[in-house]
Amino acid sequence: MAPFTRTVSASRSLRVLAALLGYPGAEMRQHLGAMRALLHEERALGGERLAELDALIDTLQRGDPLETEAAYVQLFDRGRATSLHLFEHVHGDSRDRGPAMIDLAQTYEKSGLYLAPGELPDYLPAVLEFVSTQPPREAREFLGETAHIINAIFNALQQRQSAYASVLGALLELAGEKAQAVKIAPDDPLDESWVEPAVFGGCSTQGQASPGQPQPIRIVRQPIPAQGAST
Numbered sequence: 004m005a006p007f008t009r010t011v012s013a014s015r016s017l018r019v020l021a022a023l024l025g026y027p028g029a030e031m032r033q034h035l036g037a038m039r040a041l042l043h044e045e046r047a048l049g050g051e052r053l054a055e056l057d058a059l060i061d062t063l064q065r066g067d068p069l070e071t072e073a074a075y076v077q078l079f080d081r082g083r084a085t086s087l088h089l090f091e092h093v094h095g096d097s098r099d100r101g102p103a104m105i106d107l108a109q110t111y112e113k114s115g116l117y118l119a120p121g122e123l124p125d126y127l128p129a130v131l132e133f134v135s136t137q138p139p140r141e142a143r144e145f146l147g148e149t150a151h152i153i154n155a156i157f158n159a160l161q162q163r164q165s166a167y168a169s170v171l172g173a174l175l176e177l178a179g180e181k182a183q184a185v186k187i188a189p190d191d192p193l194d195e196s197w198v199e200p201a202v203f204g205g206c207s208t209q210g211q212a213s214p215g216q217p218q219p220i221r222i223v224r225q226p227i228p229a230q231g232a233s234t
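Going by my numbering, the sequence shown opens with residue 4, and the numbers climb by one from there.
What follows is the structure in structure tokens.
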């Protein structure tokens, strides 16, 4: 059992995990060595999980910068299953997402934390930055409340054989949870997600059935032209 389950602080580890989930630009990669050292100094995570995170850090350090950045965008910005915006998994595009965002942002502000311009409150690295400021018991409880979402992202990353799964696994460990397998709905292909919206009360322009329903096929017999008539 990780020390964090005994309410020992893991604030530095949480900040490192938040940073590892951020965009792997040049500035972030410059600090990878220090991130590794902090994880090992705090020892809030088990040895096996630390080894997994070491492997991810090695990949980020040795990989071609442009390929590393492109792979990150492809992984986290091209499908809902691996989205790092937690409310995407709970509310999707429903109207409930807006009030939930406001409530979470107000929770941050009450603790004296303010989001950077353009940053959404449900972005997992931002959530982890907030959690890292909380007392150990409260931090663990907060992570536990989001564990089902973290577990879903963890499994989606596992299916993609991504080294980033180690970060989500570490978060589950800090929450005192195990990474349980969950059924992940396959992402729609990117081309399909951008098809024209449904119109006329749910009927698509491709037919009179609602999207996702079988489209009717109508066979119309063409008249046979009379002999000698021009075609």
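The beta-carbon is built from N, C-alpha and C at its ideal position, and this holds for glycine as well. This one's a predicted model, so the numbers in the text were calculated from it and none came from an experiment.
For the alpha helix (DSSP H) holding residue 78, just list the boundary residues, first then last.
Unbroken alpha helix (DSSP H) run through residue 78: 68-79.
Using DSSP with H/G/I as helix, E/B as strand and the rest coil, what is residue 34?
Coil, per DSSP.
Which residue comes first and which comes last in the alpha helix (DSSP H) that contains residue 92?
Unbroken alpha helix (DSSP H) run through residue 92: 89-93.
Under 7 Å Cβ to Cβ from residue 20, same chain only, skipping five residues before and after it: list those, please.
Within the same chain, residue 20 has close Cβ partners 131, 170, 173 and 174.
Have a look at 51, 32, 106 and 179 and flag the residue whose alpha-carbon is nearest the alpha-carbon of residue 144.
For the options 51, 32, 106 and 179, the alpha carbon positioned closest to that of residue 144 is the one of 179.
Specify the secondary structure class of residue 111 as computed by DSSP and reduced to three states.
It is helical.
Return the Cβ separation of residue 89 and residue 127 in integer angstroms, given the expectation that the two are a contact with Cβ distance under 8 Å.
About 6 Å; that satisfies the 8 Å criterion.
In angstroms with no decimal places, state the Cα-to-Cα distance between residue 119 and residue 86.
Distance from the CA atom of residue 119 to the CA atom of residue 86, rounded to whole angstroms, is 19 Å.
Decide if residue 105 is buried, meaning its Cβ has at least 16 other Cβ atoms within 10 Å, or exposed.
With fewer than 16 other Cβ atoms within 10 Å, it is exposed.
Of the residues 91, 159, 100 and 137, the one placed nearest residue 116, counting alpha carbons only:
Of 91, 159, 100 and 137, the residue nearest in Cα terms is 137.
For the putative contact between residue 53 and residue 63, defined by C-beta atoms under 8 Å, what is the C-beta separation to the nearest angstrom?
With 8 Å as the limit, residue 53 and residue 63 do not qualify as a contact, their Cβ atoms being about 15 Å apart.
Hey, residue 176 and residue 48: beta-carbon distance below 8 Å or not?
Between residue 176 and residue 48, the C-beta spacing is below 8 Å.
Residue range of the alpha helix (DSSP H) that includes residue 148
139-148 is the extent of the alpha helix (DSSP H) around residue 148.
Are the Cβ atoms of residue 135 and residue 17 separated by less than 8 Å?
Note that the C-beta distance between residue 135 and residue 17 is below 8 Å.
Where does the unbroken alpha helix (DSSP H) through residue 169 begin, and where does it stop?
Start and end: 168-177.
Quick one: what's got a C-beta closer than 7 Å to residue 156's C-beta in the same chain, skipping five residues either side?
Answer for residue 156: 85 and 171, listed in chain order.
Out of curiosity, what's the CA-to-CA distance linking residue 100 and residue 149?
For residue 100 and residue 149, the gap between their C-alpha atoms comes out near 15 Å.
Are the Cβ atoms of residue 15 and residue 55 separated by less than 8 Å?
Not a contact, by the Cβ cut-off of 8 Å.
By a C-beta neighbour count over all protein chains shown, 10 Å radius and 16 as the cutoff for buried, is residue 69 buried or exposed?
Classification of residue 69: exposed, given that the 10 Å Cβ count is below 16.
Under the rule that 16 or more other beta-carbon atoms within 10 Å means buried, what is residue 125, buried or exposed?
So residue 125 counts as buried.
Neighbour-count burial assignment, residue 27, 16 or more Cβ in a 10 Å radius:
Residue 27 counts as buried, since at least 16 other C-beta atoms from the protein chains shown sit within 10 angstroms of its C-beta.
Sequence-distant residues of its chain with Cβ nearer than 6 Å to residue 12 (five each side left out)
So the list reads 139, once near-sequence residues are dropped.
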